[in-house]
Amino acid sequence: METGSSNGALARLAAKDAKGFARAEAEGRPFFLPEVPIDFLAWWRDEVLRKHGQQAVCFLEVCGSTSRRALLEATLGTFAEECERLSGRERFALLQSELLAEDPALVQLLWRNLPLLPRGEEEFFHRWPRKLAPALMLQLAGAGARTQLQRRSWAPQWILCATGRMRLKLLPPRCQEELKPSKEPFGVLDEAGRAIFSVCDTEVSDLDLFAVRFDSHLDIFGPDLQQWPEADRLLVLEVLLRPGDVAVLPADWWVQCYSEEASWSLHGQYCSAAGLEWTLGTVLGHAKVGPEEIFGYAALPAEEKVDAVLAAALAASGRGEGRQLLKRLRGLDQDLPAPASPQRACAVCGRPATTRCGRCRELALCGAECQRRSWPEHRKICVAELQSSRRQSNQTEVDNLRQQVKGSDEALADAIKSNEALREQMELQRLDAQTACERDLKMWRDKFQQHLEDQEEQHRVEQAEVARRIKALEEVLGSKAGKIQALREALAEKSKAWHMGFPRAQGGPAFAANLGGLGHGVTLSMNRLATFAEQCSALTEAQTAQAERKKHADEAAKILRERAWHQENLKKHLEMWRLLCSFPCRLVDPISHGAPFDEEFLGRRMREKQEEYDALRRKQADLEARKTQLGEEAQKLEREIQAQEAQDAARAMGVADLRREVVAEAERTKANLTEAFRREICISGSEFGV
Numbered sequence: 001m002e003t004g005s006s007n008g009a010l011a012r013l014a015a016k017d018a019k020g021f022a023r024a025e026a027e028g029r030p031f032f033l034p035e036v037p038i039d040f041l042a043w044w045r046d047e048v049l050r051k052h053g054q055q056a057v058c059f060l061e062v063c064g065s066t067s068r069r070a071l072l073e074a075t076l077g078t079f080a081e082e083c084e085r086l087s088g089r090e091r092f093a094l095l096q097s098e099l100l101a102e103d104p105a106l107v108q109l110l111w112r113n114l115p116l117l118p119r120g121e122e123e124f125f126h127r128w129p130r131k132l133a134p135a136l137m138l139q140l141a142g143a144g145a146r147t148q149l150q151r152r153s154w155a156p157q158w159i160l161c162a163t164g165r166m167r168l169k170l171l172p173p174r175c176q177e178e179l180k181p182s183k184e185p186f187g188v189l190d191e192a193g194r195a196i197f198s199v200c201d202t203e204v205s206d207l208d209l210f211a212v213r214f215d216s217h218l219d220i221f222g223p224d225l226q227q228w229p230e231a232d233r234l235l236v237l238e239v240l241l242r243p244g245d246v247a248v249l250p251a252d253w254w255v256q257c258y259s260e261e262a263s264w265s266l267h268g269q270y271c272s273a274a275g276l277e278w279t280l281g282t283v284l285g286h287a288k289v290g291p292e293e294i295f296g297y298a299a300l301p302a303e304e305k306v307d308a309v310l311a312a313a314l315a316a317s318g319r320g321e322g323r324q325l326l327k328r329l330r331g332l333d334q335d336l337p338a339p340a341s342p343q344r345a346c347a348v349c350g351r352p353a354t355t356r357c358g359r360c361r362e363l364a365l366c367g368a369e370c371q372r373r374s375w376p377e378h379r380k381i382c383v384a385e386l387q388s389s390r391r392q393s394n395q396t397e398v399d400n401l402r403q404q405v406k407g408s409d410e411a412l413a414d415a416i417k418s419n420e421a422l423r424e425q426m427e428l429q430r431l432d433a434q435t436a437c438e439r440d441l442k443m444w445r446d447k448f449q450q451h452l453e454d455q456e457e458q459h460r461v462e463q464a465e466v467a468r469r470i471k472a473l474e475e476v477l478g479s480k481a482g483k484i485q486a487l488r489e490a491l492a493e494k495s496k497a498w499h500m501g502f503p504r505a506q507g508g509p510a511f512a513a514n515l516g517g518l519g520h521g522v523t524l525s526m527n528r529l530a531t532f533a534e535q536c537s538a539l540t541e542a543q544t545a546q547a548e549r550k551k552h553a554d555e556a557a558k559i560l561r562e563r564a565w566h567q568e569n570l571k572k573h574l575e576m577w578r579l580l581c582s583f584p585c586r587l588v589d590p591i592s593h594g595a596p597f598d599e600e601f602l603g604r605r606m607r608e609k610q611e612e613y614d615a616l617r618r619k620q621a622d623l624e625a626r627k628t629q630l631g632e633e634a635q636k637l638e639r640e641i642q643a644q645e646a647q648d649a650a651r652a653m654g655v656a657d658l659r660r661e662v663v664a665e666a667e668r669t670k671a672n673l674t675e676a677f678r679r680e681i682c683i684s685g686s687e688f689g690v
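For what it's worth, the UniProt record's numbering labels the leading residue of the sequence shown as 1, then goes sequentially.
In structure tokens form, the structure reads like this:
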């Protein structure tokens, strides 16, 4: 299960410079940083106790066998003294505090001795509100103390052992099932520990990798396999940290710390440009927000990406608009005391510097002892390279200014590219809207044409039905008229046959006359009867015809009403068709036509894009002004350098002339003294008669 307790596996991953740091970070495995001076760490610990020794802190008292915890309170100085003698494997004390956030000066001194870790503008957690960013944590632990096995998956972390000896057990991310972890929210919490704003989770496991001491190896510890049988399959990397050692762990690795003796350690996290996408992706995944839901996410600069992701995560909490919440949290940071200005550190021991080298004024020192220790090496470069170092520093400043100008040009180019991308996106959206409108218009035209054809077909069917009804009525009237004419002809035939059937020769003339009179009377009666029948038939026909005419009139009125309704419906469809025909004309060119459709669907979007474009133009103007200013400052600095060099040359010539004059004056004085001495000897000799 174990891979060993030595650091040989990590020796090849030691990062000694910035390139080595980037290469080790890209490999995704733990690695070491150069050791921090032990003298500085001892002095730094004493400074923490001197400044914050009387501050009240809360610590945990843990039972090693049952893992029961009790929260106690004491001063920092008292805890530091007591935990060294009261802790053991069966009962230990553990303090984890963020009190260093109240002392930026000590933090700045610490960062000066950790040169490879990203900080300042290179570290993107400075863009986070202090309530949401991970803070530097100070850990004091007695002998046998151990932390919980945990993983902070949103950013890499580093651990510095200041005093004592510590063991780290590390697990790769592919052991989720065996650990059975639980999640604890990270962010702004209330007094009950509930998350108000949460940006990610810290995963914690109850598995203790230091629970059991092996009998065969007294300095090796492992988990309780009876309680955690799955832990036998874990591949654990064990690392030993001595004072000054710094271990850097990737974002998704598990870690548990064990103190072999009373120790001080520092734990922190960082977010560099290489791991920014991982951190932002973790925050978005925690908030269940996709990158595609943030407008223009891929084209945003790094700092604006941080703001957009934090705003989306805060908005997902449902407590308000994300940008406003982010602004309020940053407003709370402004109320906090500003960090103290960084103090120069001694180049030998790392303590605060109180003096400098008297010759070059470049080497920072804390006292005479460090000056004595540094002089054998520093004397080689102090005088000989003083002028070249100054010239090099000036050249460095000029290069920095040029680099800033170049960065401004690149930022301006990026802003122009972003503006062009937004403009292309707006054009694509306009073309998509125009295509959709044309497609809908074509669909409505087809539907309207189909509706007109259906109405025309229905009208033809109704006309054919009316013609058929009229023809049927005409046929009925014709048949009835034929029947009446046939009845009339039959009645006439019967009357004629009846008159012709009586014998006129019987009974003589009187009888004939009577018969003729009777026949005439019968004829009159028959004529009257026929007339009455005709009148009755005519009356019946008139009534029938009147009923038929009324029926036809009702049907004609119904047909006229239907035609009027169809005409009105056709007028409405024609008006709708005219409106639909005029509708794309207002959509073809939304810039030239100020139609309500433009104001409703595109006006607001165009105004927003125009405001963004104006902001980019203003930013471009500011960058150009900054570029001009930096160019002027560079020229001014070059002129000052040339003037200083000319002044130094003139001063050197003056010193040389003065030296020649002094030498000449000394020669003249020597000659005068020699001549006076010779004369004195001559006078003395003449007096004694020599």
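Ideal placement from N, C-alpha and C gives every residue a C-beta, glycine not left out.
In this text, all values refer to a predicted model and were calculated from it rather than measured experimentally.
Using the DSSP secondary-structure output, state which residues sit across from His52 in a beta bridge. Walking along the sequence shown from the start, residue 52 turns up at place 52. Under the DSSP definition of a beta bridge, His52 lacks any partner.
Assuming Trp158 and Val239 form a contact by the criterion Cβ under 8 angstroms, report the distance between their Cβ atoms to the nearest whole angstrom. Position 158 of the sequence shown, counted from the first residue, corresponds to residue 158. Position 239 of the sequence shown, counted from the first residue, corresponds to residue 239. Cβ atoms of Trp158 and Val239 stay farther apart than 8 angstroms, at about 13 angstroms.
Starting from residue 744, trace the beta strand (DSSP E) both ways and give me its first and last residue. Shown here, the chain extends from 1 to 690; a query on residue 744 therefore has no answer.
According to DSSP, residues forming a beta bridge with Pro229: Here residue 229 refers to the residue found at position 229 of the sequence shown. Pro229 pairs with nothing; no bridge assigned.
According to DSSP, is Ser97 helix, strand or coil? Taking the first residue of the sequence shown as position 1, residue 97 is located at position 97. Ser97 carries a strand assignment under DSSP once its states are collapsed to helix, strand and coil.
Can the beta-carbon of Ser259 be found closer than 9 angstroms to that of Gly144? Here the question's residue 259 lines up with position 259 in the sequence shown. Here the question's residue 144 lines up with position 144 in the sequence shown. Yes, the Cβ-Cβ distance between Ser259 and Gly144 is below 9 angstroms.
Quick check: Leu132 and Val199, are their CB atoms within less than 9 angstroms of each other? Here residue 132 refers to the residue found at position 132 of the sequence shown. Here residue 199 refers to the residue found at position 199 of the sequence shown. A contact, by the Cβ cut-off of 9 angstroms.
Output the residue ranges of the beta strand (DSSP E) runs that lie fully inside the stretch 130 to 187 and measure 3 residues or longer, sorted by chain position. Whole beta strand (DSSP E) segments, 3+ residues: 137 to 141, 149 to 152, 157 to 163, 166 to 171.
Between Glu665 and Gly654, what straight-line distance do the alpha-carbon atoms span, to the nearest angstrom? The count along the sequence shown starts at 1 and reaches residue 665 at position 665. The count along the sequence shown starts at 1 and reaches residue 654 at position 654. Straight across, the Cα-Cα distance linking Glu665 with Gly654 is about 16 angstroms.
Determine contact between the stretch 62 to 73 and the stretch 112 to 131, defined as no fewer than three beta-carbon pairs at a distance below 8 angstroms. Contact fails: fewer than three Cβ-Cβ distances are below 8 angstroms.
For Thr279, would you say it is in contact with chain C, using Cβ-to-Cβ distances shorter than 9 angstroms as the test? Absence of chain C from the displayed structure is noted, only one protein chain being present.
Start and end residues, beta strand (DSSP E) containing Arg69: On the sequence shown, residue 69 is found 69 positions in, with the first residue counted as 1. Element bounds for Arg69: 69 to 75.
Output yes or no for whether 9 angstroms exceeds the beta carbon distance between Glu612 and Leu422. Position 612 of the sequence shown, counted from the start, is the residue given in the question as residue 612. Position 422 of the sequence shown, counted from the start, is the residue given in the question as residue 422. When the beta-carbon positions are compared, Glu612 and Leu422 come within less than 9 angstroms of each other.
Exposed or buried, which one is Lys19 when buried takes at least 16 other CB atoms within 10 Å? The sequence position of residue 19 within the sequence shown is 19, counting from 1. Lys19 should be labelled exposed.
Assumed close pair Val212, Pro223 - CB separation to whole angstroms, cut-off 8 angstroms: Locating residue 212 in the sequence shown gives position 212, where the first residue counts as 1. Locating residue 223 in the sequence shown gives position 223, where the first residue counts as 1. The pair is a contact, with the Cβ atoms about 7 angstroms apart (cut-off 8 angstroms).
In whole angstroms, give me the CA-to-CA distance for Glu493 and Ala464. Indexing the sequence shown from 1 puts residue 493 at position 493. Indexing the sequence shown from 1 puts residue 464 at position 464. The alpha-carbon separation between Glu493 and Ala464 amounts to approximately 43 angstroms.
Kindly list the residues whose CB is nearer than 7 angstroms to the CB of Ala505, restricted to its own chain and excluding five residues on each side of it in sequence; keep chain order. The residue you call residue 505 lines up with position 505 of the sequence shown. Residue confidence is low: Ala505 scores 41 on pLDDT, short of 50, so the model does not pin down where it sits. No coordinate-derived value is stated.
Which residue comes first and which comes last in the alpha helix (DSSP H) that contains Phe197? Locating residue 197 in the sequence shown gives position 197, counting from the first residue. For Phe197, there is no enclosing alpha helix (DSSP H); the enclosing beta strand (DSSP E) has its first and last residue at 195 to 205.
Closest to Thr78 by C-alpha separation, out of Leu140, Trp44, Cys257, would be which residue? Sequence index remark: in the sequence shown, residue 78 carries index 78 (1-based). For the set Leu140, Trp44, Cys257, the Cα lying nearest the Cα of Thr78 is the one of Leu140.
Which stretch, first to last residue, makes up the beta strand (DSSP E) that contains Leu276? The residue you call residue 276 lines up with position 276 of the sequence shown. According to the DSSP assignment, Leu276 belongs to no beta strand (DSSP E) but to the alpha helix (DSSP H) extending over 276 to 287.
Over the uninterrupted alpha helix (DSSP H) stretch that includes Phe21, give me the two end residues. Here residue 21 refers to the residue found at position 21 of the sequence shown. That run of the alpha helix (DSSP H) goes 18 to 27.
Taking Pro352 as the reference, which of Arg194, Val107, Gln227 has the closest Cα? Counting from one through the sequence shown, the residue named residue 352 turns up at place 352. The candidate whose alpha carbon is nearest that of Pro352 is Val107.
So, do the stretch 25 to 43 and the stretch 96 to 107 have three or more beta carbon pairs nearer to each other than 8 angstroms? Contact fails: fewer than three Cβ-Cβ distances are below 8 angstroms.
Which same chain residues, not among the five before or five after Ala80, have their C-beta less than 7 angstroms away from its C-beta? Position 80 of the sequence shown holds residue 80. So the qualifying residues of the chain are Leu49, Leu140.
Taking just the CA atoms, how far does Lys417 sit from Glu457? As a working mapping, residue 457 is identified with position 457 in the sequence shown. As a working mapping, residue 417 is identified with position 417 in the sequence shown. When the Cα atoms are used, Glu457 and Lys417 turn out to be separated by approximately 60 angstroms.
DSSP state of Val36, grouped into three classes? Locating residue 36 in the sequence shown gives position 36, counting from the first residue. Val36: coil per DSSP, three-state reduction.
Cα-Cα separation between Gly290 and Leu284, rounded to whole angstroms: Within the sequence shown, residue 290 is the residue found at index 290, counting from 1. Within the sequence shown, residue 284 is the residue found at index 284, counting from 1. Answer to the nearest angstrom: the Cα atoms are 6 angstroms apart.
Just to confirm before moving on: does the CB-CB distance between Ile38 and Pro173 stay below 9 angstroms? Counted from its first residue, the sequence shown places residue 38 at position 38. Counted from its first residue, the sequence shown places residue 173 at position 173. No; because the gap between Cβ atoms is not below 9 angstroms, this pair is not in contact.
Whole angstroms are fine: how far does the CA of Glu35 sit from the CA of residue 712? Because the chain spans 1 through 690 in this model, residue 712 falls outside it and cannot be assessed.
Given a cut-off of 9 angstroms, decide if Arg356 and Leu363 are closer than it, judged by their beta-carbon atoms. Within the sequence shown, residue 363 is the residue found at index 363, counting from 1. Within the sequence shown, residue 356 is the residue found at index 356, counting from 1. Yes.
List the whole-angstrom C-beta distance separating Lys169 from Leu209, where the pair is believed to meet the contact cut-off of C-beta under 8 angstroms. Translated into the one-based positions of the sequence shown, residue 169 becomes position 169. Translated into the one-based positions of the sequence shown, residue 209 becomes position 209. Rounded, the Cβ-Cβ distance is 4 angstroms, consistent with contact.
Roughly how many angstroms lie between the CA atoms of Glu292 and Ser272, to the nearest whole one? Locating residue 292 in the sequence shown gives position 292, counting from the first residue. Locating residue 272 in the sequence shown gives position 272, counting from the first residue. When rounded, the separation of the alpha-carbon atoms in Glu292 and Ser272 is 23 angstroms.
Selection from Leu280, Thr202, Leu630, Leu86 that minimises the alpha carbon distance to Gln403: Here residue 403 corresponds to residue number 403 of the sequence shown, with the count starting at 1. Per the C-alpha coordinates, the member of Leu280, Thr202, Leu630, Leu86 positioned closest to Gln403 is Leu630.
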